[in-house]
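Participant: Mind looking over this structure? Questions follow.
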Amino acid sequence: MTGTPVTNSGAPGQWTTGLCGCCDDRSNCCVTCWCPCVTFGQNVEIIDKGTTSCAHAGAIYYCLAHVCCACVYTCTYRTKLRAYFSLPADPCGDCLVHFCCLPCAVCQEYRELKNRGFDPSQGWMANAQKWSQDGVTVPPPIAPGMTR
């Protein structure tokens, strides 16, 4: 996500909201509850910097959800998000979080993007246009620390 704002980022290497904080953004919670493919698609479009559209990611999610395999696909985007913002695998590994609490995980990822200066509901292009109009100067993402 090079060339994008990282604002209001909270503590370095920490999630800005908890996994079960779905009601922190009630409108997103409702959308995710009734149509998780929309929220997931919005997240993917931002995480992939516009190379994967919201509709494409949402359609893949929709198809995989019918054969109970959506978490295998969705957890890969949590991993990408965590790597970019140097976030911990909290409370457990990405695949397990998505397997056990997929709607909560997708909501948390959406809130994380919003809290770091993105608006997933607007899509990648609208965010990029807003940043260029606002003349946003972008701090580099925090480099991950050494881990074992």
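The sequence shown begins at 1 in the working numbering and counts up by one.
We treat Cβ as the ideally placed atom computed from N, Cα and C, and that holds for glycine.
All values reported here derive from a predicted model rather than from experimental measurement.
Can you tell me where the alpha helix (DSSP H) holding Thr39 begins and where it ends?
Facilitator: Start and end: Pro36 to Ile47.
Participant: Quick one: does Trp34 have its CB under 8 Å from some CB of chain C?
Facilitator: Here there is only one protein chain, and chain C is not present.
Participant: Buried or exposed for Asp90, going by 16 or more other Cβ atoms inside 10 Å?
Facilitator: When all chains shown are included, Asp90 counts as exposed.
Participant: Between the beta-carbon of Thr52 and the beta-carbon of Val106, is there less than 8 Å?
Facilitator: No.
Participant: Which residue from Phe85, Leu96, Leu113 and Cys101 puts its Cα closest to that of Gln42?
Facilitator: Ranking the options by Cα distance to Gln42, first place goes to Leu113.
Participant: Roughly how far, in whole angstroms, is the beta-carbon of Gly123 from the beta-carbon of Cys35, given that I think they are within contact range, below 8 Å?
Facilitator: Actually they are not in contact, since the Cβ atoms of Gly123 and Cys35 sit about 16 Å apart, beyond 8 Å.
Participant: Thinking C-alpha only, which one of Gly21, Tyr110 and Ala128 is nearest Tyr77?
Facilitator: With distances taken between Cα atoms, Tyr77 lies closest to Tyr110.
Participant: If I'm right that Pro47 touches Leu81 with Cβ under 8 Å, what's the distance once you round it to whole angstroms?
Facilitator: According to the sequence provided, residue 47 is Ile. The question's Pro does not apply to it. Correct: roughly 6 Å between the Cβ atoms.
Participant: Would you report the Cα separation of Cys20 and Gln133, rounded to the nearest angstrom?
Facilitator: Roughly 35 Å between the two C-alpha positions.
Participant: Which residue from Phe99, Ala83 and Phe85 puts its Cα closest to that of Tyr73?
Facilitator: When only C-alpha atoms are compared, the closest one is Phe99.
Participant: Mapping DSSP to helix, strand and coil, what is Pro88?
Facilitator: In this structure, Pro88 counts as coil in the three-state DSSP scheme.
Participant: With a threshold of 6 Å on Cβ separation, who are the neighbours of Thr2 within its own chain once the five nearest residues in sequence on each side are excluded?
Facilitator: For Thr2, the predicted structure reports a pLDDT of 48, less than 50, and the residue's modelled location is therefore unreliable. A value from the coordinates is still provided. Hits under 6 Å: none found.
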